[in-house]
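Heads up, the final residue of the sequence shown is numbered 341 in the numbering used here, and it's a clean run with no missing numbers.
Ideal Cβ placement from N, Cα and C applies to all residues, glycine included.
In this text the structure is predicted, and so the values were computed from the model without any measurement.
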Amino acid sequence: MKKITVGLIFLAVLISIGAVIYFKKDRASDSPVLNNSEPATTTSSSQEETTGKQPSPEPQETQMPSPSPSPTPDEGKHEINGNVLYSEKIDLDGNGEDEKIEIIKAPVSGSTKGEYEGILSVAYSDGTLQKAVFVRRAEGPVGVFKSVRFEDIDGDGSKEVFIIIPDSGASFNLNYLFVYNHNLKRGLAFPGPDFGINLSDFVSGFTFDYKGNGALIVRNSEYGFEGTIDLKDNINYSETSEESNKAYERSWVDPTPLDLGNDFMLSLYKDEKGRFVIKAPLPVFGLATLDMIGEIDLLFTIDNNFEPHLKGFVLYDFDADRKVKAGECILIQ
Ligand SMILES: [Ca+2]
Ligand SMILES: [Ca+2]
């Protein structure tokens, strides 16, 4: 009898210890402090895989941390709780009354992963407010926006908001784009399906053919494109061995919109006809990502229904300190 009692007490102690451990574990998983240690998920795997290692004959499948904009913004008078990163009063629609534009970084409500979002807010003089989320990501050092411009890109008489979103890869800075039309309450994100082009598919259409004497032919049969990159100035070019130059046939166009500063970044310019063109440069890598041999600029226009169109693309040959146009494909004059 005594043995049974001792056994029961021992069992009861075991159960209560188990309950305490279980309870503690359950509490810990609810702790908001732990959630802050969630790693950032926005680095491009493509960059990590191709950084300065062996040549990559195939374009990398890119898991782009593309912006996740909300195509239909909230409307109302509610406040947004977050940090105002940018604030400006500008008359977007030209009706003589300024709209107040704000770019806000705010925690994602209800997120248990410490995520935050970049929000564009347009406040009208009658007190109504539009807001559009242009990026959502885990907390990290990069920030949500790099620059903003106000231009009538689609030619409908009212200015769009043109936002460049920064990101960082393993070896390069990247950037993304969000264009917002407040009349239509619609945003377009690049890269993404809004622009009607899949970058991974696009870059896989390029082939490289070494013709000898430093001439690397770049082709894209889908667009009937052909251009020539001159390799003679490249560090890996061999004057003595055409055999080793053949390795440049493994060159590839990478589907990542890099930000190398100066002219190599997502940008907006006016063409000779006065229309706005969005330029999205992609790198052409030779034997490794340390060996950038050229650049392909994708050029987009946005029509007055706020629909983007690929206007064409241009291939540039990188020399040591300059770039030379090496071919172009014009789809829309
Ligand atoms: Ca106005
Ligand atoms: Ca416009």
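Checking the sheet assignment: what are the DSSP bridge partners for LYS240? Answer is none; LYS240 lacks a bridge partner.
Do three or more CB pairs link the stretch 145-161 to the stretch 115-124 at distances below 8 Å? yes
Buried or exposed for LYS319, please, with buried defined as at least 16 other CB atoms from any protein chain shown within 10 angstroms of its CB. buried
TYR218 (DSSP reduced to helix, strand or coil): strand
For SER95, verify whether its CB is less than 8 Å away from any heavy atom of ligand 2. no
What beta strand (DSSP E) runs, 3 residues minimum, are completely inside the stretch 147-198? 155-159, 168-176, 181-189 and 194-198
Could you spell out where the beta strand (DSSP E) holding VAL130 opens and where it closes? 123-131
Segment contact, 8 Å Cβ cut-off, at least three pairs: the stretch 114-121 with the stretch 160-179: no
Rounded C-beta distance between TYR184 and PHE203? I'm assuming under 8 Å. Not quite, the Cβ-Cβ distance comes to about 11 Å (not below 8 Å), so this is no contact.
Taking the DSSP output, what are the residues bridged to ARG144? GLU125
Where does the unbroken alpha helix (DSSP H) through SER212 begin, and where does it stop? 207-212
For ILE112 and ASP134, I'd like the C-alpha separation in whole angstroms. 21 Å
Cβ of ASP164 versus every heavy atom of ligand 2: is any distance shorter than 8 Å? yes
Tell me the rounded alpha-carbon separation between HIS190 and GLN138. 8 Å
Can you give me the Cβ contacts of GLU230 inside the same chain, cut-off strictly under 8 Å, excluding the 5 residues immediately before and after it? GLY213
Straight-line CA distance for GLU257 to GLY200? 29 Å
Decide yes or no for the touch test of the stretch 291-308 against the stretch 249-264: beta carbon pairs closer than 8 Å, at least 3 of them. yes
Do the CB positions of ASN244 and GLY222 come within less than 9 Å of each other? no
ASN91 - containing beta strand (DSSP E), residue span: 91-98
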